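In what follows, a structure is listed as structure tokens, so that the remarks can point back to it.
Protein chains: 2
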Amino acid sequence: MELRERKQKILKAVVENYIHSGVAVGSKALIEQTGLNVSSATIRNELADLERNGYLLQPHTSAGRVPTQKGYRYYVDNLIKGSNLSDRLKSHIENAIETGADAPERILSNTAQVLSKLTGMASITTTPSGINARVHKIRFVITGRHTCMAVLITSNGMVKSRLFRVEFVVTPELVSMFDKVLNEAFVGVPLKDIDRAFLQSVGASFGELSLFMADVLFAILDSVKQAMQQSINISGSTNLLFLSEYDMLGARDVLKFLSDSENVSTLLSENIKGTKVFLGKESGYYELSGSMVITTTYEIGNQTAGAVALVGPLRADYQTLISMVEYASDYASKLIGELLEV
Amino acid sequence: MELRERKQKILKAVVENYIHSGVAVGSKALIEQTGLNVSSATIRNELADLERNGYLLQPHTSAGRVPTQKGYRYYVDNLIKGSNLSDRLKSHIENAIETGADAPERILSNTAQVLSKLTGMASITTTPSGINARVHKIRFVITGRHTCMAVLITSNGMVKSRLFRVEFVVTPELVSMFDKVLNEAFVGVPLKDIDRAFLQSVGASFGELSLFMADVLFAILDSVKQAMQQSINISGSTNLLFLSEYDMLGARDVLKFLSDSENVSTLLSENIKGTKVFLGKESGYYELSGSMVITTTYEIGNQTAGAVALVGPLRADYQTLISMVEYASDYASKLIGELLEV
DNA sequence: AGTTAGCACTCAAACACCGCGAGTGCTAAA
DNA sequence: TTTAGCACTCGCGGTGTTTGAGTGCTAACT
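Chains as they are written, first to last, in our numbering: chain A, 1 to 342; chain B, 343 to 684.
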């Protein structure tokens, strides 16, 4: 659906004015804002046209126009260009992401935090998924007479640990036996191949040892599950309650939505690669019908690993926000890369 | 401040009626509710008396009475007795706390979750503090060419790990050297004694090795910090937004308050031992002036280790809620005990 | 002295009404 | 195609009005 240049200009002006003012914008205000040399009546004709085509909406007869979801969509797709963030802002983001960043998890929780602080909205990041990773190493640490910790290190650099308890007394000899046998069995195996059936076949190969091993294997399975599962950081969801752009009930529903990690992970999993903007009902969740979601992905070693997202009101400064999300995501990605590669 | 029996009866009826109905309660309704064989005028006299003494309040002249903070206080301190929870409820709580409970952290996050689900309010638990613990063991795991994981096991059963990176290439020999030297230096040392100064003295004793050790020591310091710090689970804070007892702005402030872990940890740290109920402003935070907080502590090996708390509106069924919090806390405590002792 | 019936009084909540002003759509002329 | 002019619409804020629940007070009763 193409729009004439003048219509584009007017639509852009309506959206941007509305984004900043929050009130329906009328024909008069648009004269100066667009710089067009026409009367208010002409603008009104164009506005009526845009409304007929579904880009704008009148809240009530005697009010100005407000963008519809379709209007925002057109604006986001055609009318904005990447803004360049100030150097100050960039280095602020960098610093915040770096502080105390000893592991990917920390980097990503920092990322969510700084985005939510800067935008005043809610930010979500997912830790790298281990879905394509393999077992790099398994280690065991004795933690008590009957307790042990299994440490799983994956090829994509995630470290997951799981305590477990066994009937017998754990001795250093036993543990180094675990270590040897299990590393032989597991190193290099893709995580997604490790399931109950696989464990059973491994267990069987141990012969009479396998009785000892049941608890150990279970602990490993659990760590593998942990490593496959993306964990989710949500930061600043409370912010939404304080935004004037939301009515309180709308924000409340968004929080409800975000508090269920099931929802969040399916929302973000739709995003294969690159940046996307979901506007209102496009996401498919009625709780988000008054919200927009900006999602982008980050990569580790040329492979999409996780997502960085921002959730906020439909009435938002898309231009800046998209740039910020992308910048933060890229930087986090770079940092994780450095952490793991070397 | 003692109250005559009839006044007590009336106060109790007002509180309980108000808790359930949410509207100011008038003299007529109290006749049947108290079972007192008096007229409404008599009740009115008593009500006026209770109001003069600060237990009740009239929202406006032509309305019934509502409990004040002082009224709730008297009710909680003198007018309720521990209710016995149904067996069904008890076993529900037990099951929920047990599932997947491989570590204290998990038990406590389960505890927060089940309490928030059952009450529809927000629940907080803190993981055991390592403030009185000692180093039980330190282990190292090679995770990459230049990266390592330090695993700290404390005397109170907490396991904290920290990745770190070093300039040189980590070899098994180096790591077993770390292991040996550092365990000699650290095992049995109280966590709270481990600070920069301590590390420096340890480092110095290594002589020329100490150059190698800087990063390692730093990683240990960080794990120790982690182990000393209670981490906080908050579950169900979004619930508060859906409670009719709150006006939305009140709930919003509570959420804001809860989202700052600084606030939460000082709130809970006031509680040395046993159950306490903070009503409204008693907590000292204006954000909680419309809320009540029930806190109790759990113990590990006869030592207070952490807190279990519930945050909700002032208008709440204290009798049941207190019982639930205490029951859940006791059960979690028992479970952690079992997990660690054996 | 405590209790009660009766009554005048108060005040929040719900509802209707009204004037304003911003902004519109339409029409007829340029 | 654009424009000036004009009648029209409707949300918003402010102002009565009514209703009803619940009170405090007083004077009589036990």
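Glycine included, each C-beta is placed from N, C-alpha and C at the ideal position.
Because the structure is a prediction, the values reported are computed rather than measured.
Own chain residues within Cβ distance below 6 Å of residue i, not counting five before or after
i, result
"Q455(B)", "S577"
"E167(A)", "none"
"V493(B)", "R481 and S503"
"L421(B)", "K354"
"A405(B)", "A366"
"I385(B)", "S369 and L372"
"E447(B)", "T469"
"T320(A)", "S83"
Below-8 Å beta-carbon distance, residue i vs any chain A residue
i, result
"S671(B)", "no"
"M308(B)", "Any question about residue 308(B) goes unanswered here, given that chain B covers just 343 to 684."
"S601(B)", "yes"
"L583(B)", "yes"
"K598(B)", "yes"
"L505(B)", "yes"
"R594(B)", "yes"
"A445(B)", "yes"
"V501(B)", "yes"
Counted within 10 angstroms of its Cβ, other Cβ atoms place residue i as buried (16 or more) or exposed
i, result
"I614(B)", "exposed"
"T99(A)", "exposed"
"G616(B)", "exposed"
"G301(A)", "exposed"
"V606(B)", "buried"
"N95(A)", "exposed"
"N37(A)", "exposed"
"G632(B)", "buried"
"T637(B)", "buried"
"Q303(A)", "exposed"
"S518(B)", "exposed"
"A197(A)", "exposed"
"I249(A)", "A quick correction: the sequence has Leu, not Ile, at residue 249(A). Under this definition L249(A) is an exposed residue."
"Q200(A)", "exposed"
"N45(A)", "exposed"
Start and end residues, alpha helix (DSSP H) containing residue i
i, result
"K281(A)", "No alpha helix (DSSP H) contains K281(A), which DSSP labels as neither H nor E."
"V114(A)", "P104 to T119"
"P514(B)", "P514 to F528"
"Y18(A)", "E5 to S21"
"I220(A)", "S210 to M228"
Option in the options with minimal Cα separation from residue i
i, options, result
"D179(A)", "R165(A), I142(A), Q200(A) and G337(A)", "I142(A)"
"V650(B)", "R657(B), T469(B) and V558(B)", "T469(B)"
"L392(B)", "N581(B), V380(B), G413(B) and N379(B)", "G413(B)"
"K567(B)", "A475(B), R448(B), L427(B) and I361(B)", "A475(B)"
"I153(A)", "A96(A), V175(A) and L221(A)", "L221(A)"
"F218(A)", "G82(A), L182(A) and E16(A)", "L182(A)"
"R348(B)", "S363(B), L389(B) and N359(B)", "L389(B)"
"E358(B)", "R346(B), L372(B) and I385(B)", "L372(B)"
"P532(B)", "A556(B), H478(B) and R487(B)", "H478(B)"
"I466(B)", "L457(B), I473(B) and R430(B)", "L457(B)"
"G54(A)", "N45(A), P67(A) and I43(A)", "P67(A)"
"Q375(B)", "R507(B), A670(B), K351(B) and V511(B)", "K351(B)"
Heavy atom of the ligand NAD within 7 Å of residue i beta-carbon
i, result
"Q400(B)", "The model on display carries no ligand, and the ligand NAD is accordingly not part of it."
Cutoff 8 Å: residue i Cβ touching any chain B Cβ
i, result
"L118(A)", "no"
"I153(A)", "yes"
"V216(A)", "no"
"V141(A)", "yes"
"T343(A)", "What the structure shows of chain A is the stretch from 1 to 342, and residue 343(A) is not part of that stretch, so it cannot be assessed."
"V189(A)", "no"
"A112(A)", "no"
"M150(A)", "According to the sequence displayed, residue 150(A) carries Ala and not Met. Output row for A150(A): interface = no."
"M248(A)", "yes"
"V175(A)", "no"
7 Å CB neighbourhood of residue i in its chain, flanking five on each side removed
i, result
"E287(A)", "D253, V254, K256 and F257"
"S625(B)", "L609 and V635"
"N581(B)", "S458, G462, M463 and A464"
"H488(B)", "R507, V508, V511 and V512"
Same chain, Cβ closer than 8 Å to residue i, neighbours up to 5 away in sequence not counted
i, result
"A527(B)", "V544 and S547"
"A316(A)", "I19, M121, E245 and M292"
"L335(A)", "I97, E98, A101 and I107"
Boundaries of the beta strand (DSSP E) in which residue i is found, first to last residue
i, result
"A443(B)", "First-last for A443(B): undefined, no H or E at that position."
"T126(A)", "A122 to T126"
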